[in-house]
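Residue numbers (the working numbering), protein chains in the order written: chain A, 763 to 1261; chain B, 763 to 1261.
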């Protein structure tokens, strides 16, 4: 056996160390997946009402542990207590939302097509049900220690669907992950939920991630993280002897397009809103609007000046860990070195500033932006690119983007023709379009789509947020000519349903 | 340029040759995909009612060309005119079913979550719509020249979804493919549908298939065919710089499980039904029940005798092409060579019998069946394996199967506990369960699932048949805080919908 690795809770602000956790071994992966297989079988046949009770109890347990969780999450991430409070609220809301959703039965996707013995040939009774896919591996990111963490949206939707989950916790916040897993285990045990329904593997080791994706009894993967790691694990998932669905959310540039009229009419509001959206959470949101198209001309010039003024009031902020600081500096250096790119910075950028990031805007032309691939990779931090172009060329520019999680338009009523042209293009490029708003601060509701074409995600048909996220972990089974007494409870009813 | 390949319509019965068609070149692939991209953009914004009209006109055009199509399909496939008539009926029905379905608007998956300005933070209005994914490549199989052909379920559902399609026609029936494409083009042109909405590439060349899956402007693939070719093309689809969904239906063993009571009570009916299901269409259905579990003991013995008697009345049948004859003989030879396998044949098997196949049953034990992988590969033809085992061991045996399109149980009311145990296992293994029936002769209704875990398909969340098949070609987009006037028509309505 390889020597055990220890993962230590560390404050990015101070470098102070807290609790230490054993890193998962390959044996731990096998054990978690084995327990998951047994738990999946039992959980899949647990009525939705009882599954909902476990989700709600987990939500209550998180709420009860709020003081500890928020303190530890803030210590490990540097995101600040208010943000950790809000994120815990969202995590609790998500668990309760999926609990309520499965109680309605809508997740089961029941369709009943009655038979017709008089048809030629006679048509048998057919009833369709969505059932859980089996154990799901969940890979959590660094930037949402709670809402995409051990009990975040992926785990909550998989558990609601009737799947066991094996979570690979991010090494940037091991103690937060541990607290969430403990809250779940206590709540679930009290309600008699199966052992192994949720396992936490603490690890930052690529071979452990790979072993989890390769495990025979893992039936789907939900991943939130970088394009590089996401594609690597996607490749593992689809290269298995039995390929499995890989739901990867890999980040995005989230372009904003601003009309000349909007720039003129709402200069300060847009400048303030945009810079707040770029710098919120130290710019470490997958929905951060990393590029903004500002029209050439006086109104656009004034908007860029206003953005610059907004930026100047902001000091350096703390990133989640030192690795991200290093990556961001490398990205910023690559962007700076492109001819035709100039920089507006909140303060003089400090080389070697550790986990601190200085909010920064780059300004360039559309020609330079599309000619340089370096400019079109995500800056994971409070850094964005302003692209100056004629508004009339923005629909054409929009068509040059690949898959995005979001795209945003700022426009006035007189711009409707232009807005419609942009919408028509952006629908084909993004999972969510926003009008006169900002992509960060995603609302978790039934109609939410958090997804999009590759490389925003590896599964363009699905959403990672909102009630529809549960569909990722359900597969259809049809029952032909079964008598009621032998049908699953959801199907044992005679009236036709579904179209 | 490579020299043009010619694909000749050939009768498997007589070897007689008919019309010849130019095989597609790589330039043809590029051209079809280029036309498809333009057509997809226009078609995606064509209202569902107008799309429905084109699908109905195509159905009518097929019906008008019925005499020619049935004659040519029968000539090229040897399936017989009644089967070709029935398959054309199903093809027409499918086109009309998707036309009616999109007129209901249900395919658009609209969800409206109203905003709440009083919430903290304020919640924006969110509206979700499913939109077409873009051009779809369709690979048609040899065994369903019409229902899974150029205007079969994959093309019909993709067109209904709002996607252009590029069909790679199977070289075993080029003239049938050509007639179907012509019927569509005339009907579509008369209604002003975009050029390039459906293109037919005639080819049997692996590099042409690969080029189509690799084409940048192809956004999804629907494939019906063998596990070998399906996996090869799946690997191409997921290895692209931008991976795309690959909906492969790769065939299945479709196990049947028979209780002792059912064997006793319905011996002759089951023997007749089973042998008819195995030999129908010369056993070339993806739903052919290629393995049947018959209980040991007197009732099972008598059932096997009755199956044997049913078989003896049947002569050799014609396969779709000589390549399939060769493959089947190789498979049969491999099965025959396994120790512990005995054979019941309708007639003395003729080595080198060309396109003719002799209906044949093999008999073995469950131990032998599961110990030899050669026995668990599909026999594509009128050949099946009888596995003798104790009924009480059948649930355990069922758990040893990998993904299947279907699984069937024959049981009496007194068997309910046994049946429930089998259902619980088989739900996790198959896309459709059948009670006291046979898997062939699939009903095309809303509740149909034609799918299942790998290797039955490469996309376990989806069905290739029935109205839900359209979901494969739709992806969600959410509109946040858009005024009604800027929303797609489907969303421009204020009332909340969806849960």
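Idealized CB from N, CA, C, for every residue including glycine.
Check, Outcome
"Whole-angstrom C-beta distance between residue 801 of chain B and residue 959 of chain B, which should lie under 8 Å", "4 Å"
"Proximity test, Cβ basis, 8 Å: residue 1097 of chain B and chain A", "no"
"Test: residue 1009 of chain B CB closer than 8 Å to a CB of chain A", "no"
"Through-space distance from residue 977 of chain B to residue 1116 of chain A, alpha-carbon basis", "44 Å"
"Closer than 8 Å to chain A by CB, residue 1017 of chain B", "no"
"Beta-carbon neighbours of residue 889 of chain B, restricted to chain A and to distances below 8 Å", "1209"
"Runs of beta strand (DSSP E) wholly within the segment 777 to 845 of chain A (minimum 3 residues, chain order)", "779 to 784"
"Beta-carbon spacing of residue 1054 of chain A, residue 1086 of chain A below 8 Å", "no"
"Backbone secondary structure at residue 1242 of chain B - three-state DSSP", "strand"
"Simplified DSSP assignment, three categories, for residue 1039 of chain B", "helix"
"Start-end ranges of the beta strand (DSSP E) lying completely within the segment 1012 to 1081 of chain B, minimum 3 residues", "1018 to 1020, 1053 to 1057"
"Given 8 Å, three or more beta-carbon pairs between the segment 1218 to 1238 of chain A and the segment 999 to 1010 of chain A", "yes"
"Within chain B, partners of residue 1195 of chain A - CB distance below 8 Å", "1239, 1240, 1241, 1242, 1244"
"Under 9 Å by beta carbon: chain A residues contacting residue 1185 of chain B", "1241, 1244, 1248, 1249, 1250"
"Chain A within 8 Å of residue 1198 of chain B, Cβ atoms only", "yes"
"Residue 947 of chain A - containing alpha helix (DSSP H), residue span", "936 to 952"
"Contact check, residue 1161 of chain B vs residue 1187 of chain B, beta carbons under 8 Å", "yes"
"Burial state of residue 950 of chain B, where buried means 16 or more other Cβ atoms lie within 10 Å", "buried"
"Cβ distance (whole Å) where residue 986 of chain A is taken to contact residue 902 of chain A below 8 Å", "7 Å"
"Residue 1261 of chain B at chain A interface by Cβ criterion, 8 Å", "Residue confidence for residue 1261 of chain B is low, a pLDDT of 46 falling below 50, so the modelled location carries little weight; the figure read from the coordinates is stated next. At least one chain A Cβ lies under 8 Å of residue 1261 of chain B."
"Beta-carbon proximity list for residue 1048 of chain A, same chain, < 7 Å, skipping 5 on both sides", "1011, 1013, 1014, 1167"
"Nearest-angstrom Cα separation, counted from residue 1129 of chain A out to residue 1148 of chain A", "12 Å"
"Between the CA atoms of residue 881 of chain A and residue 1026 of chain B - distance to the nearest angstrom", "30 Å"
"Reference residue 981 of chain B; option with closest CA among B:796, B:837, B:1131", "B:796"
"Whole-angstrom distance between residue 910 of chain B and residue 1201 of chain B, CA atom to CA atom", "17 Å"
"At least three beta-carbon pairs within less than 8 Å, the segment 915 to 927 of chain A to the segment 959 to 972 of chain A", "yes"
"Cβ shell of residue 1205 of chain A (< 6 Å), same chain only, five flanking positions each side left out", "none"
"The segment 816 to 830 of chain B in contact with the segment 1054 to 1063 of chain B per 3-pair CB rule at 8 Å", "no"
"Contiguous alpha helix (DSSP H) assignments of at least 4 residues, all confined to the segment 1192 to 1257 of chain A", "none"
"Which of helix, strand or coil DSSP assigns to residue 965 of chain A", "coil"
"Check whether residue 1248 of chain B and residue 1170 of chain A have beta carbons under 8 Å apart", "no"
"Limits of the alpha helix (DSSP H) - the one that residue 1091 of chain A falls within", "1084 to 1098"
"Classification of residue 1030 of chain B by the beta-carbon crowding that lies within 10 angstroms, buried from 16 upward", "exposed"
"Chain-ordered chain C contacts of residue 1216 of chain B [CB-CB under 7 Å]", "Absence of chain C from the displayed structure is noted, the protein chains being A and B."
"Short CB-CB distance (under 8 Å) between residue 875 of chain A and chain B", "yes"
"For residue 1128 of chain A, the three-state DSSP class (helix, strand or coil)", "helix"
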